[in-house]
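Enquirer:
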Amino acid sequence: MENLGNRTGLPPAERFAIHLYVYVAVNMPTSAILIIHFQVIIIVFVSLNQKPVPNWPLGITLNSFLAFLTTWSKAAFMIPVSVAISQAQWAWFDQKSTEPRPLYDLDVIDQASRGAWGSMILLWRFRFRHFVVLGALLVSISALTSPITQLAINYPMRDVTLAREVASTHAIQDLSSPRDALGIVAHISTFLASFLDTTKFTEPIPYSVIANRGVFCSTGNCTFKPYHSIGVCMKMANITSSLNVVEFENPESPDLADTPFIGGVEEVIPNRKVWKASLPGGYHMAHQSKATMFTDLLTGNRTFGFRDDPILQQARIASFVLVYTAPTAYDKSSWEISYNTTAKGIVDQINDFRHEAREILFHLCVHTYETKVYLGKETTQIVGSHTEPLEEGAGPFLYLDCGDLLNKSSYQCRKNEQRGNDTIHLRAPKESPPPHLELNTTKGSTFTANYRGMEDIAQGLRSYIAGFATIVMALNEQQDFPYVTTGSDFITSLFEWVFFHHPSMRDVNIREVRMQNIYQNLATSLSATVNIRFRGSQIGALNLTHAVFNVTGEATGMVPHVEITWAPLSLLAAEIVLAALFLSLTMFNQIDHRGMRFCDVKGSSLATLVALGEECRAAAGGGLGPVKELERTARKLAVRLEGSQIVLAKNVNNEKTSHETN
Numbered sequence: 001m002e003n004l005g006n007r008t009g010l011p012p013a014e015r016f017a018i019h020l021y022v023y024v025a026v027n028m029p030t031s032a033i034l035i036i037h038f039q040v041i042i043i044v045f046v047s048l049n050q051k052p053v054p055n056w057p058l059g060i061t062l063n064s065f066l067a068f069l070t071t072w073s074k075a076a077f078m079i080p081v082s083v084a085i086s087q088a089q090w091a092w093f094d095q096k097s098t099e100p101r102p103l104y105d106l107d108v109i110d111q112a113s114r115g116a117w118g119s120m121i122l123l124w125r126f127r128f129r130h131f132v133v134l135g136a137l138l139v140s141i142s143a144l145t146s147p148i149t150q151l152a153i154n155y156p157m158r159d160v161t162l163a164r165e166v167a168s169t170h171a172i173q174d175l176s177s178p179r180d181a182l183g184i185v186a187h188i189s190t191f192l193a194s195f196l197d198t199t200k201f202t203e204p205i206p207y208s209v210i211a212n213r214g215v216f217c218s219t220g221n222c223t224f225k226p227y228h229s230i231g232v233c234m235k236m237a238n239i240t241s242s243l244n245v246v247e248f249e250n251p252e253s254p255d256l257a258d259t260p261f262i263g264g265v266e267e268v269i270p271n272r273k274v275w276k277a278s279l280p281g282g283y284h285m286a287h288q289s290k291a292t293m294f295t296d297l298l299t300g301n302r303t304f305g306f307r308d309d310p311i312l313q314q315a316r317i318a319s320f321v322l323v324y325t326a327p328t329a330y331d332k333s334s335w336e337i338s339y340n341t342t343a344k345g346i347v348d349q350i351n352d353f354r355h356e357a358r359e360i361l362f363h364l365c366v367h368t369y370e371t372k373v374y375l376g377k378e379t380t381q382i383v384g385s386h387t388e389p390l391e392e393g394a395g396p397f398l399y400l401d402c403g404d405l406l407n408k409s410s411y412q413c414r415k416n417e418q419r420g421n422d423t424i425h426l427r428a429p430k431e432s433p434p435p436h437l438e439l440n441t442t443k444g445s446t447f448t449a450n451y452r453g454m455e456d457i458a459q460g461l462r463s464y465i466a467g468f469a470t471i472v473m474a475l476n477e478q479q480d481f482p483y484v485t486t487g488s489d490f491i492t493s494l495f496e497w498v499f500f501h502h503p504s505m506r507d508v509n510i511r512e513v514r515m516q517n518i519y520q521n522l523a524t525s526l527s528a529t530v531n532i533r534f535r536g537s538q539i540g541a542l543n544l545t546h547a548v549f550n551v552t553g554e555a556t557g558m559v560p561h562v563e564i565t566w567a568p569l570s571l572l573a574a575e576i577v578l579a580a581l582f583l584s585l586t587m588f589n590q591i592d593h594r595g596m597r598f599c600d601v602k603g604s605s606l607a608t609l610v611a612l613g614e615e616c617r618a619a620a621g622g623g624l625g626p627v628k629e630l631e632r633t634a635r636k637l638a639v640r641l642e643g644s645q646i647v648l649a650k651n652v653n654n655e656k657t658s659h660e661t662n
C-alpha cells in the first residue's frame, strides 16, 4: 500500500503538495455543491423576506424548496464526512505515541460512519479524545437539520392593497332645494338623534352608528385618506344672564295678561304661584310647575350668545333658545329611600329651583372624515370641522320670519322666494385639500348651500325640536301629576332624560353633558343624513341629496407574507463549518509522512479484511461467531497499526487497556 510519492521517489515537500492536491480535488465537488446550495437558500430568503408568498409553478412552496436544498446540502457534507470517519480509524490505531487501542474501537468507528446511533456511541466512548468525534457529532445532529431549518419560515397575515378591488364612499359638496329633500333630512335627523341613543345621552352617538353601511368595500378591509364633506355643526351658549324671572303669587296678576302659559290657560291653577321667565325681544313664558322647559327658534337674526362671532352668524341655519327649571334643593333622604319616577314623586322632591337658559346654534360647516373598514365593520369619524365663508364680512346670510309658537301655536316660517337661489360658499380646510370635487366653481373648490335649502332645514328643525313640556300641579285620577308636552319625541327626551331624570336633577354636570350630547346627536344626524346615500342603512334606501361625489380608498386584504427567522438556519451554517473543520483535520492528518499510506483505503471493507494480522485474527476468534461474543473478545484485545497490519500489542495489560478506554 505504498503511496504515490513513495513509488515515484519524490522529495517530501513535493509529495505533500501532490497529496494535498489529490485530497482537495476529491472533495472539491461536494464542497462546491454545499456552498452553492447554502448561498441559494440565503439569496432566496433575503429576496422574499417580508414579501407576499410567491406563487411558483408546479405547486412548489418555499418549504419544499428549503427541504430540497437542505437535503442536498446535508448529503453534500454527509458523504465525505462518513468516508472521513471511516478513514479516521486507521489514524486512531496508527498513533504510536499513545497506548494501544481496543480492537472493539474498529467496530465503533465503523458504526459511527453508518448512522446517528453509532455516532452517539462513539461520542460516549471517545469523549473528545480524537477529532473523529467532530464527524460523529455531525452525523448525530444531521437528522435534526431539516425539521429545524423549516422553523425559519413563518407566514404571518398582513394587510396589503389590492389594486383590482373597490373601496368607495360618498361625500357631498352642495345642498340645494328643491332638488334635495332637506326638510325630510331634518325630520329624519331629529328622530335618529334620540332613537339611536343607548346611553341616556351620557355619550354622543358615533357618526358610524347613524351612517352605517354608507361605505362600499369589496374586501371587507379598506382605508381612506381624510376627505371633506359639507355638514352641520352645533354650538351651545349659556344665556342665563339674559334671562329675567319674576314671581307672582297668583295667575290673576295684570302683569301676566299678555304672557302665554306653558300648557295653555286651561291648565292654570287658581291661587297658585306663577313664575314668568322672559328674554329680550318678546320671548317670555309663564308656568306654575317646578318642572318645566320651553324651546323655540329665534327669528330673524336674533342671538344672545353669539353676537361676537360673525362667522357663525353668517353660516347660521337656525338658533334655538332653551329655557328650563333646574333643581337647586331637594329632599335627599326621600330620594335615597324611594327612587320615585312618577311625576308627583319628582316634583315633591324638588324643594327649590332656578331658571336657566341656553342658546343652541346650528350652522353650516365642512367636516373632515376618516373612514376605515376592518373585517367588514365600518368606522367613520368626524376628526375636524371648519367654517370659513368665502364672502368675508357679508353679515348673516339667512333671515327667518317665523310665527310665535306659544301665542299662536304656529310652527310655520315664511319663505323668502326672492332669495331662494342665493348661495353661501364655504372654503375647504387649507391644511388638507379635499379629493376631486365634481362641482368646482369659478371661485375654487368650495362647499355651497342655497338659501331655500337652509330655510327648509331650519323649518324642519323647528317643526320637530321646538315645543314645551311641563308637569301640571293637579292630581289626576291616578293620584299623580300629569304632564303636558308638545313637539316630537325629541322634546320628550329632553324633558324626561336630560332635565328631570334623577341623575340629571341631582348632578348639574350630568345634566350639562346630556344636554350637550342630545343636541350634538342632532347635528351629527344632520351631517350623516345629507352626506350619505343610505343603501340599506338604518333608515332604508334613500337618496335625499344629489350633489354627491365618490371618494375612493384602498381596498386591502389579508395576504400571507414570508417572514424569515434566521436563527434556525444557524444550525445548517454550523454544520457546514463543523464539516469543513473535520474534513480539514482529516486531510492534514492523512497527508503527513505516515498517514498518506492509507488515504486510498478509506472505508473499504477489503482493507479491513486484510489489515488484521494472523495473531490478531486468531485472538479475535479466528472466524464467525455470535456478535456478543465477538464484541466481548474485541474489547479485551489491545492492538495497534504496525506498517500495513493491525497487530496485537506486546507486553500490554489487556484488562487495564480495556478499562481505560471504556
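Going left to right, the sequence shown walks through residues 1 to 662 as the UniProt record's numbering numbers them.
Virtual Cβ for every residue (Gly too), placed ideally from N, Cα, C.
If residue 680 and G220 are in contact, beta carbons under 8 Å, what's the gap, nearest whole angstrom?
Expert: Residue 680 lies beyond the stretch modelled for the chain, which goes from 1 to 662, so this question has no answer here.
Enquirer: Helix, strand or coil for M596? Go by DSSP, reduced to three states.
Expert: Counted from its first residue, the sequence shown places residue 596 at position 596. No answer about M596 holds up, because its pLDDT of 46 lies below 50 and its placement is not dependable.
Enquirer: Does Q288 come out as helix, strand or coil in the three-state DSSP assignment?
Expert: For the purposes of this step, residue 288 is taken as residue 288 along the sequence shown, with counting starting at 1. Residue state, collapsed to three classes: coil.
Enquirer: Smallest Cα separation from D296: which of Q313, L322, P280, T492?
Expert: Here residue 296 refers to the residue found at position 296 of the sequence shown. Comparing Cα positions, the closest option is L322.
Enquirer: When you compare each of E99, I262, L48, R164 to residue 663 by their alpha carbons, which one comes out closest?
Expert: No information on residue 663 is available, as it lies outside the stretch 1 to 662 that the chain covers here.
Enquirer: First and last residue of the beta strand (DSSP E) that includes E371?
Expert: The count along the sequence shown starts at 1 and reaches residue 371 at position 371. A quick correction: the sequence has Thr, not Glu, at residue 371. Residues 350-374.
Enquirer: Going by the beta-carbon positions, is the gap between K290 and V347 smaller than 9 Å?
Expert: Mapped onto the sequence shown, residue 290 falls at position 290. Mapped onto the sequence shown, residue 347 falls at position 347. Contact: yes.
Enquirer: Comparing alpha-carbon positions, which option in P327, Y374, A315, L475 lies nearest T448?
Expert: In the sequence shown, counting from the first residue as 1, residue 448 sits at position 448. Among P327, Y374, A315, L475, the Cα nearest to that of T448 belongs to A315.
Enquirer: Looking only at C-alpha atoms, which of G393, N450, L426, F481 sits nearest to N416?
Expert: On the sequence shown, residue 416 is found 416 positions in, with the first residue counted as 1. Comparing Cα-Cα distances from N416 to each of G393, N450, L426, F481, the minimum goes to N450.
Enquirer: How would you write the range of the beta strand (DSSP E) that M473 sits in, first residue to last?
Expert: For this step, residue 473 is matched to residue 473 along the sequence shown. Note, M473: premise wrong, no beta strand (DSSP E); not H, not E.
Enquirer: Taking only three categories from DSSP, how would you classify E554?
Expert: Translated into the one-based positions of the sequence shown, residue 554 becomes position 554. Of the three classes helix, strand and coil, the one that applies to E554 here is strand, per DSSP.
Enquirer: What separation, rounded to the nearest whole angstrom, lies between the Cα atoms of S146 and T71?
Expert: As a first step, residue 146 must be located in the sequence shown, where it is residue number 146. As a first step, residue 71 must be located in the sequence shown, where it is residue number 71. Roughly 7 Å between the two C-alpha positions.
Enquirer: Do you know offhand how far E455's Cα is from A186's?
Expert: Numbered from 1 along the sequence shown, position 455 holds the residue referred to as residue 455. Numbered from 1 along the sequence shown, position 186 holds the residue referred to as residue 186. Those two C-alpha atoms are separated by around 11 Å.
Enquirer: Under a Cβ-count criterion, where at least 16 other Cβ atoms within 10 Å of its own Cβ denotes burial, should I43 be classed as buried or exposed?
Expert: Sequence index remark: in the sequence shown, residue 43 carries index 43 (1-based). Label assigned to I43: exposed.
Enquirer: Please identify the residue among Q516, S142, R129, I230 whose C-alpha is closest to the C-alpha of D174.
Expert: The count along the sequence shown starts at 1 and reaches residue 174 at position 174. The shortest Cα separation from D174 among Q516, S142, R129, I230 belongs to I230.
Enquirer: Is it a yes or a no for the stretch 357-365 touching the stretch 224-244, going by three-plus beta-carbon pairs under 8 Å?
Expert: yes
Enquirer: Spell out the partners DSSP gives R125 in its beta bridges.
Expert: By one-based count along the sequence shown, residue 125 stands at place 125. In the DSSP output, where bridge partners are listed per residue, R125 has none listed.
Enquirer: Please name the residue in P396, V160, A329, F500 whose C-alpha comes closest to that of T299.
Expert: Translated into positions along the sequence shown, residue 299 becomes position 299. Shortest Cα-Cα distance from T299 to any of P396, V160, A329, F500 involves P396.
Enquirer: Using the beta-carbon count (16 or more within 10 Å), is A574 buried or exposed?
Expert: Here residue 574 refers to the residue found at position 574 of the sequence shown. So A574 ends up on the exposed side.
Enquirer: Does the beta-carbon distance from T486 to A469 come in below 9 Å?
Expert: Position 486 of the sequence shown holds residue 486. Position 469 of the sequence shown holds residue 469. Yes, Cβ-Cβ distance for T486 and A469 is below 9 Å.
Enquirer: What distance in whole Å lies between the Cβ atoms of A116 and A143, which are believed to be in contact at a cut-off of 8 Å?
Expert: In the sequence shown, counting from the first residue as 1, residue 143 sits at position 143. In the sequence shown, counting from the first residue as 1, residue 116 sits at position 116. Their Cβ separation, rounded to whole angstroms, is 6 Å, which keeps A143 and A116 in contact under 8 Å.
Enquirer: According to DSSP, is Y227 part of a helix, a strand, or is it coil?
Expert: In the sequence shown, counting from the first residue as 1, residue 227 sits at position 227. Strand.
Enquirer: Please state whether DSSP places T586 in a helix, a strand or coil.
Expert: The residue you call residue 586 lines up with position 586 of the sequence shown. Helix at T586.
Enquirer: Can you check which of these residues, L66, G183, L162, F304, is closest to L461 by C-alpha distance?
Expert: Along the sequence shown, read from residue 1 onward, the residue named residue 461 stands at position 461. Cα-wise, what sits closest to L461 is G183.
Enquirer: Taking buried to mean at least 16 other C-beta atoms within 10 Å of its own C-beta, is D401 buried or exposed?
Expert: Numbered from its first residue, the sequence shown carries residue 401 at position 401. The residue in question, D401, is exposed, as its Cβ has fewer than 16 Cβ neighbours within 10 Å.
Enquirer: Rounded to whole angstroms, what's the CA-CA distance from S385 to R427? Just pull it up for me.
Expert: Position 385 of the sequence shown, counting from 1, holds the residue named residue 385. Position 427 of the sequence shown, counting from 1, holds the residue named residue 427. Rounded to the nearest whole angstrom, the C-alpha separation of S385 and R427 is 11 Å.
Enquirer: Check H187 in the structure and name its three-state DSSP category.
Expert: By one-based count along the sequence shown, residue 187 stands at place 187. In this structure, H187 counts as helix in the three-state DSSP scheme.
Enquirer: Out of V83, R354, N49, A579, point me to the one whose CA is closest to R114's CA.
Expert: For the purposes of this step, residue 114 is taken as residue 114 along the sequence shown, with counting starting at 1. Closest option to R114, Cα to Cα, is V83.
Enquirer: Please list the terminal residues of the continuous alpha helix (DSSP H) segment that includes F490.
Expert: If you number the sequence shown from 1, residue 490 lands on position 490. 489-493 is the span of the alpha helix (DSSP H), which, as asked, contains F490.
Enquirer: CA-CA distance, I262 and T387?
Expert: Position 262 of the sequence shown, counted from the first residue, corresponds to residue 262. Position 387 of the sequence shown, counted from the first residue, corresponds to residue 387. Going from the Cα of I262 to the Cα of T387 covers about 37 Å.
Enquirer: Report the residue from I360, Y324, Q313, T61 whose alpha carbon sits nearest the alpha carbon of T292.
Expert: For the purposes of this step, residue 292 is identified with residue 292 of the sequence shown, where counting begins at 1. With distances taken between Cα atoms, T292 lies closest to Y324.
Enquirer: Does the stretch 196-215 come close enough to the stretch 517-534 that 3 or more CB-CB pairs lie under 8 Å?
Expert: yes
Enquirer: Locate the beta strand (DSSP E) running through S278, then write down its first and last residues.
Expert: Start at 1 with the first residue of the sequence shown, and residue 278 comes out as number 278. Looking at the DSSP string, the run of the beta strand (DSSP E) that includes S278 is 274-279.
Enquirer: Between S168, T524, T161, which has its C-alpha nearest N550's C-alpha?
Expert: Residue numbering aside, residue 550 sits at position 550 when the sequence shown is read from its first letter. Nearest of S168, T524, T161 to N550, Cα basis: S168.
Enquirer: Take the Cβ of K74 as the centre, count every other Cβ of all protein chains shown within 10 Å, and call the residue buried at 16 or more, exposed below.
Expert: Numbered from its first residue, the sequence shown carries residue 74 at position 74. Buried, because 16 or more other Cβ atoms sit within 10 Å of the Cβ of K74.
Enquirer: In the stretch 235-270, which residue ranges form an unbroken beta strand (DSSP E) of at least 3 residues, counting only runs that do not cross its ends?
Expert: When DSSP assignments are scanned along the stretch 235-270, the uninterrupted stretches of beta strand (DSSP E) that are 3 or more residues long and fall wholly within it turn out to be 244-248.
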